[in-house]
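Asker: Numbering (the numbering used here) for the sequence shown: 146 to 583. No residue lacks a Cβ here, since even glycine has one placed at the ideal position from N, Cα and C.
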Amino acid sequence: MGDEWRMLSLQDAGVSLIDCDHRTPPASKQGYPYVAIPQIKNGQINLKDVRYISQEHFIDWTRKATPKPFDVVLSRRCNPGETAYVPPGLNFALGQNLVLLRADGRYVFPQFLRWLVRGPDWWEQIGTFINVGAVFDSLKCADIPQFQLLIPPLPEQRAIAHVLGTLDDKIELNRRTNETLEAMARALFKSWFVDFEPVRAKAEGRETGLPIEIDELFPDSFEESELGVVPKGWKITELGDVVDIVKGTSYSSDDLQPSSTALVTLKSFERGGGYRTDGLKEYIGKFKPEQKISPGDVVISFTDVTQAAEVIGRPAIVSPTYEYTTLVASLDVGIVKVKSPEFSKIFLYNLLSTQQFNDHVLSYVNGTTVLHLDKKGIPSYQFVCPPEELLSLYSTSTQSIYKKIVRCDIDSRTLASIRDALLPKLLSGEVRIPGVEG
């Protein structure tokens with residue numbers, strides 16, 4: 146390897162640091178994303194729950210720091226050292242406590258920079274330069290250019306960027322595919338069971354556009370109910386009549402030790418609902434048999450520490466895991482178990498994902514810093530229950546969708562494991578890519 150690989154500081158390697166504007170612009174209902182620390186996740190910019198700012202403020206806030214393709218966004222505070230690369234075509238303003246790293250191409254291939262700042266050498270430098278604070282650890286802008294990293298020759302960098310980037314592209318494609326599939330299932334649920342579009346069409350003498358065997362399952366008129374006008378013959382049902390809620394187990398920090406059992410925790414929930422595979426905590430404590438979670442189970446959060454109540458009362462479908470033999474619900478999590486087989490977990494998940502359900506449970510939330518959901522909140526929710534034939538049809542129609550979602554999720558986790566295993570070996574030169582001329 147010899148002189149082909151060099152230990153250089155970021156500054157000597159032609160990587161410049163561009164600091165953010167140390168102000169926070171007012172939010173806008175539309176406009177440009179204002180990327181803050183919460184959007185820096187797993188090496189990428191995640192725009193879910195991002196704030197937007199007006200065009201006027203976007204122009205003002207990007208005068209000092211204008212993100213360009215293949216720049217790296219670095220967090221200096223809260224999660225110091227975490228990075229995300231800037232993909233082509235993404236226009237955004239940089240939030241506070243974030244900086245841009247930009248390679249000029251002389252010693253560091255711009256598309257390689259995102260991988261250089263995720264390896265073991267990078268985290269060793271973070272540990273060396275980090276400033277431990279009473280509340281948050283942080284990095285100083287003056288220190289970051291001095292980070293010493295092992296820099297491969299440019300041909301090797303291009304090859305590494307191609308291999309790891311191809312894996313990441315497939316993971317991103319799977320993520321977008323799953324978003325589309327979930328949106329399809331939600332749209333069908335909303336059309337049939339929230340907006341009652343087939344019933345409205347028939348009541349107005351219009352075609353439903355559905356196959357005749359499905360069309361015949363919907364009534365052609367409405368009737369009054371305690372929830373307002375609902376499809377004729379459909380029942381008003383309390384959620385507690387069709388599901389049981391099993392609260393999770395309490396635990397102490399001493400129980401969080403290496404184990405083949407893991408807790409599903411608050412961190413297992415995405416903001417706004419959905420499951421996160423990186424929120425599990427290994428657990429050696431006791432639990433009841435009914436507190437075990439199986440893949441495909443629907444869970445719900447009973448506690449929240451987000452200011453906007455973005456997690457409490459939100460559902461998630463638990464994905465399969467090959468890292469652990471047993472999953473258990475933690476105290477802040479409830480397992481929602483259907484009492485009758487006609488109520489599928491898929492129907493239940495989409496019911497709990499509606500705005501109507503969220504509005505209902507929020508009226509049962511108390512607390513200030515930490516929010517808690519009253520135990521009556523979930524079972525007291527009333528909904529319009531379709532006949533069994535429609536419940537079964539919806540479940541059958543969406544089953545293949547959720548099987549595809551699970552397959553994509555497992556595929557992505559496998560690819561991520563391969564990527565994460567390759568990354569340090571490629572950056573150290575332990576594994577070389579065949580055919581690369583140095």
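(1) Helix, strand or coil, according to DSSP, for Glu324 in the structure here?
(2) Just to confirm the assignment, what range does the beta strand (DSSP E) spanning Ala407 have?
(3) On a Cα-Cα basis, can you pick out the residue from Trp260, Asp449, Ala287, Ile438 that is closest to Ile296?
(4) How about Pro290 and Leu155: are their beta carbons less than 8 Å apart?
(5) Is it the case that the region 495-514 contacts the region 331-344, given that we only count it when at least three CB pairs across the two stretches are under 8 Å?
(6) Is the CB-CB distance between Ser475 and Leu518 below 8 Å?
(7) When the Cα atoms are used, what is the spatial distance from Ala348 to Gln544?
(8) May I ask which residues mark the beginning and end of the alpha helix (DSSP H) holding Phe492?
(9) How many whole angstroms separate the CB atoms of Phe414 and Ser446, which I take to be in contact at a CB cut-off of 8 Å?
(10) Do Tyr396 and Gly430 have their CB atoms nearer than 8 Å?
(11) Sort Leu162, Thr471, Phe488 by Cα distance to Lys213 and report the nearest one.
(12) Look up Pro643 in the DSSP assignment and say whether it is helix, strand or coil.
(13) Looking at the strands, I want to know which residues DSSP matches up with Leu162.
(14) Closer than 8 Å is the cut-off here; do at least three beta carbon pairs connect the region 536-556 with the region 317-332?
(15) Measuring CA to CA, which of Asp313, Thr273, Glu455 is closest to Pro232?
(16) Any idea what DSSP makes of Glu468, helix, strand or coil?
(17) By DSSP, does Thr207 sit in helix, in strand, or in coil?
(18) Taking the C-alpha atoms as reference points, what is the distance between Trp150 and Thr466?
(19) Please work out which residues of its chain come closer than 6 Å, Cβ to Cβ, to Gly147, disregarding the five sequence neighbours upstream and downstream, and give them in chain order.
(20) How many angstroms separate the CA atom of Val506 from the CA atom of Ser537?
(21) Is the separation between the beta-carbon of Cys286 and that of Thr382 shorter than 8 Å?
(22) Measure the C-alpha to C-alpha separation of Thr410 and Asp442 and round it to an integer number of angstroms.
(23) Spatial neighbours of Ser570 within its chain, please: CB distance less than 7 Å, with the 5 preceding and 5 following residues excluded, ordered by chain position.
(24) If you drop the 5 nearest sequence neighbours on each side, which residues of the same chain put their C-beta closer than 8 Å to that of Ile305?
(25) Who are the near neighbours of Val473 in its chain, counting only those whose CB is closer than 8 Å to its CB and skipping five residues on each side?
(26) Restricting to runs no shorter than 4 residues, where is the alpha helix (DSSP H) found entirely within the region 535-561?
(27) Give the straight-line distance between the Cα atoms of Ile563 and Ala238, rounded to the nearest whole angstrom.
(28) Name the residue from Gln184, Asn495, Gly226, Ile359 whose alpha carbon lies nearest to the alpha carbon of Thr273.
(29) Does the region 457-464 come into contact with the region 366-386, if we say contact requires no fewer than three beta-carbon pairs (one atom in each stretch) closer than 8 Å?
(30) Go through its chain and collect everything with a Cβ distance to Asn511's Cβ below 8 Å, but skip five positions before and after it.
(31) By DSSP, does Arg421 sit in helix, in strand, or in coil?
(32) Quick one: is the Cβ of Ile429 within less than 7 Å of any heavy atom of the ligand FMN?
(33) For Ala210 versus Asp249, is the C-beta spacing smaller than 8 Å?
(34) Ordered along the chain, which non-local residues of its own chain (more than five positions away) have a Cβ less than 6 Å from that of Gln189?
Answerer: Short version:
(1) Sequence index remark: in the sequence shown, residue 324 carries index 179 (1-based). Correct three-state label for Glu324: helix.
(2) Locating residue 407 in the sequence shown gives position 262, where the first residue counts as 1. Counting along the chain, the beta strand (DSSP E) containing Ala407 begins and ends at 406-409.
(3) Working through the sequence shown from its first residue, we reach residue 296 at position 151. Nearest of Trp260, Asp449, Ala287, Ile438 to Ile296, Cα basis: Trp260.
(4) Along the sequence shown, one-based indexing puts residue 290 at 145. Along the sequence shown, one-based indexing puts residue 155 at 10. A contact, by the Cβ cut-off of 8 Å.
(5) yes
(6) Start at 1 with the first residue of the sequence shown, and residue 475 comes out as number 330. Start at 1 with the first residue of the sequence shown, and residue 518 comes out as number 373. Not closer than 8 Å, so no.
(7) Here residue 348 refers to the residue found at position 203 of the sequence shown. Here residue 544 refers to the residue found at position 399 of the sequence shown. Approximately 29 Å, taken between the alpha carbons.
(8) Along the sequence shown, one-based indexing puts residue 492 at 347. Counting along the chain, the alpha helix (DSSP H) containing Phe492 begins and ends at 490-497.
(9) Numbered from its first residue, the sequence shown carries residue 414 at position 269. Numbered from its first residue, the sequence shown carries residue 446 at position 301. That pair is a contact at about 5 Å.
(10) Numbered from 1 along the sequence shown, position 251 holds the residue referred to as residue 396. Numbered from 1 along the sequence shown, position 285 holds the residue referred to as residue 430. Contact: yes.
(11) As a first step, residue 213 must be located in the sequence shown, where it is residue number 68. When only C-alpha atoms are compared, the closest one is Leu162.
(12) Look at the range of the chain in this structure, 146 to 583, and you will see that residue 643 is not part of it.
(13) One-based indexing of the sequence shown puts residue 162 at position 17. DSSP lists Leu246 as partners of Leu162.
(14) yes
(15) Here residue 232 refers to the residue found at position 87 of the sequence shown. Closest option to Pro232, Cα to Cα, is Asp313.
(16) Taking the sequence shown and counting its residues from 1, one reaches residue 468 at position 323. It is coil, neither helix nor strand.
(17) The residue you call residue 207 lines up with position 62 of the sequence shown. Here Thr207 sits in coil by DSSP.
(18) The count along the sequence shown starts at 1 and reaches residue 150 at position 5. The count along the sequence shown starts at 1 and reaches residue 466 at position 321. Rounded to the nearest angstrom, the two C-alpha atoms are 39 Å apart.
(19) The residue you call residue 147 lines up with position 2 of the sequence shown. Confidence in Gly147 is poor, its pLDDT being 39 and thus under 50, which makes the residue's placement unreliable; the coordinate value appears in the next sentence. Within the same chain, Gly147 has no close Cβ partners at all.
(20) On the sequence shown, residue 506 is found 361 positions in, with the first residue counted as 1. On the sequence shown, residue 537 is found 392 positions in, with the first residue counted as 1. Using only the alpha carbons, I get a separation of about 26 Å.
(21) For the purposes of this step, residue 286 is taken as residue 141 along the sequence shown, with counting starting at 1. For the purposes of this step, residue 382 is taken as residue 237 along the sequence shown, with counting starting at 1. No, Cβ-Cβ distance for Cys286 and Thr382 is not below 8 Å.
(22) Start at 1 with the first residue of the sequence shown, and residue 410 comes out as number 265. Start at 1 with the first residue of the sequence shown, and residue 442 comes out as number 297. Taking the straight line from one Cα to the other gives about 14 Å.
(23) Here residue 570 refers to the residue found at position 425 when the sequence shown is read from its first residue. The question names Ser, yet the displayed sequence has Lys at residue 570. Only Val576 meet the Cβ criterion.
(24) Taking the sequence shown and counting its residues from 1, one reaches residue 305 at position 160. Closer than 8 Å at the Cβ level, and outside the excluded window around Ile305, lie Phe257, Trp260, Pro297, Leu571, Leu572, Ile578.
(25) Within the sequence shown, numbered from 1, the residue matching residue 473 stands at position 328. Within the same chain, Val473 has close Cβ partners Gly393, Thr394, Thr406, Ala407, Leu408, Val409, Tyr428, Phe432, Gln436, Lys437, Ile438.
(26) none
(27) Position 418 of the sequence shown, counted from the start, is the residue given in the question as residue 563. Position 93 of the sequence shown, counted from the start, is the residue given in the question as residue 238. So the alpha carbons of these two residues sit roughly 32 Å apart.
(28) As a working note, residue 273 is residue 128 in the sequence shown. Checking every option, the nearest Cα to that of Thr273 belongs to Gly226.
(29) no
(30) What you label residue 511 is simply residue 366 of the sequence shown in a count that begins at 1. Once the five neighbours on either side are set aside, the close Cβ partners of Asn511 are His517, Asp519.
(31) Within the sequence shown, numbered from 1, the residue matching residue 421 stands at position 276. Of the three classes helix, strand and coil, the one that applies to Arg421 here is coil, per DSSP.
(32) As presented, the structure is devoid of all ligands, the ligand FMN included, so that no description of it is given.
(33) By 1-based counting over the sequence shown, the position of residue 210 is 65. By 1-based counting over the sequence shown, the position of residue 249 is 104. The answer is no: Cβ separation not under 8 Å.
(34) By 1-based counting over the sequence shown, the position of residue 189 is 44. So the list reads Ala229, once near-sequence residues are dropped.
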